[in-house]
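Novice:
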Amino acid sequence: MTSRLVVIPTRRAHSNHAEVARSIGVDIIAGRYAEGSRLPGDAELTAMFGVSRPVLRESVKTLVAKGLLTTKARVGTVVRERGAWNMFDADVLAWHLDAGIDRRFLNDLAEIRLAVEPRAAALAASRRSEADIAELNRSMERMRREASDSVGFADGDLALHLAVANASGNLFMRSIGNVIEAALRASFLLSAPVETQDRETVLLWHQRIVDAIAGGDAEAATAAMAEVIYNGLRRHEGTPASSGPAPAIPTAAEPGEPS
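The sequence shown begins at 20 in the working numbering and counts up by one.
(1) Nearest-angstrom Cα distance between residue 160 and residue 127?
(2) Is the CB-CB distance between residue 39 and residue 83 below 8 angstroms?
(3) Whole angstroms is fine: what's the gap from residue 252's alpha carbon to residue 210's?
(4) What's the gap between the Cα of residue 50 and the Cα of residue 43?
(5) Using CA atoms only, rank isn't needed, just tell me which of 177, 119, 77, 197 is closest to residue 109.
(6) Would you decide whether residue 190 is buried or exposed? Buried here means 16 or more other CB atoms lie within 10 Å of its CB.
(7) Any contact between the region 139-158 and the region 222-236? By contact I mean 3 or more CB pairs, one from each, below 8 angstroms.
(8) Starting from residue 80, trace the alpha helix (DSSP H) both ways and give me its first and last residue.
(9) For the candidate residues 60, 154, 169, 112, whose alpha-carbon lies nearest to that of residue 184?
(10) Evaluate residue 276 with the Cβ neighbour count: other Cβ atoms within 10 Å of its Cβ, from every protein chain shown; 16 or more gives buried, anything less gives exposed.
(11) Should residue 143 and residue 187 be called a contact, given that it needs their Cβ atoms to be closer than 8 angstroms?
(12) Whole angstroms are fine: how far does the CA of residue 141 sit from the CA of residue 131?
(13) Let me confirm a value: residue 215 is counted as buried when at least 16 other C-beta atoms fall within 10 Å, else exposed. Which label applies?
(14) Indicate whether residue 112 and residue 199 have their beta-carbon atoms separated by less than 8 angstroms.
(15) Under the DSSP definition of a beta bridge, which residues are partnered with residue 88?
(16) Given a cut-off of 8 angstroms, decide if residue 36 and residue 89 are closer than it, judged by their beta-carbon atoms.
(17) Only counting the same chain, and skipping five residues up and downstream in sequence, which positions put a Cβ closer than 7 angstroms to that of residue 192?
(18) How long is the line joining the alpha carbons of residue 241 and residue 66, rounded to whole angstroms?
(19) Quick check on the burial criterion: 16 or more other C-beta atoms within 10 angstroms. Buried or exposed for residue 221?
(20) Does the beta-carbon of residue 205 have 16 or more other beta-carbons within 10 angstroms, so that it is buried, or is it exposed?
(21) For residue 105, count neighbouring Cβ atoms within 10 angstroms of its own Cβ and tell me buried if that reaches 16, exposed if not.
(22) Let's see if you can read the secondary structure: which residues bound the alpha helix (DSSP H) around residue 214?
(23) Can the beta-carbon of residue 162 be found closer than 8 angstroms to that of residue 151?
(24) Over what stretch of residues does the alpha helix (DSSP H) that includes residue 165 continue unbroken?
(25) Pull the bridge partners of residue 57 from the DSSP assignment, please.
(26) Between residue 133 and residue 245, which are expected to be in contact by the criterion C-beta below 8 angstroms, what is the C-beta distance as a whole number of angstroms?
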């Protein structure tokens, strides 16, 4: 199956070395520099970007720190394997959006969400404040009044998920939500529920998350959050969203593949 590639332009860097790092980073992520391959030499790269050697070296240091490159004596600068890339780095995520996100990226994103967000919803059900519930309700209201394929709808969706992470009271869950915010927003834009039935299903399950958290029902909040994530995957794949019970959440002992 051929993966659909969608480019989401992000903000450009403000300094020479950051812009060079972004350009090389996007090329690596897009596969123009393959894993294990060597980058062109300093002379070629400085001429290509019109920058000095110190600027180029600073750019390479940035990419080494983010796990995209390694420098080896008598070998040169080599692209590292994808598994070494720091996917929780805000720049690396942004560069993926610049390079174009495909099915693999969306599946990886869904898997980390399934590992974190249902548990965050369960914690939110026991720890939420009145302010948290009010924020969840505001997010639902925005989703209901915005067109399904609009930026406003995606932003309302994102606000709801970030509000759940915040209501969990867990600093790590909050941080993960903030780091992957751009990727989540892009994912929501791509999985917009344009069909009337899909829209109703999306709103139904998001409302169930809010109701379960407000009612202190951790089990229901967990199930509703998992179903929201699975439904997003179904829309990415072009299959109808489900209004039935959520699938079981994969565990470390039973790693199942999202369908």
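Idealized CB from N, CA, C, for every residue including glycine.
Specialist: Considering the structure as presented:
(1) 29 angstroms
(2) no
(3) 8 angstroms
(4) 11 angstroms
(5) 197
(6) exposed
(7) yes
(8) 72-84
(9) 154
(10) Caution applies to residue 276, whose pLDDT of 39 falls short of 50 and renders its modelled position unreliable; the value that the coordinates give is listed next. Counting Cβ neighbours within 10 Å, residue 276 comes out exposed, since fewer than 16 surround it.
(11) yes
(12) 16 angstroms
(13) exposed
(14) yes
(15) 98
(16) no
(17) 135, 139, 184
(18) 54 angstroms
(19) buried
(20) buried
(21) exposed
(22) Per DSSP, residue 214 belongs to no alpha helix (DSSP H) and is neither H nor E.
(23) no
(24) Note, residue 165: premise wrong, no alpha helix (DSSP H); not H, not E.
(25) 97
(26) 6 angstroms
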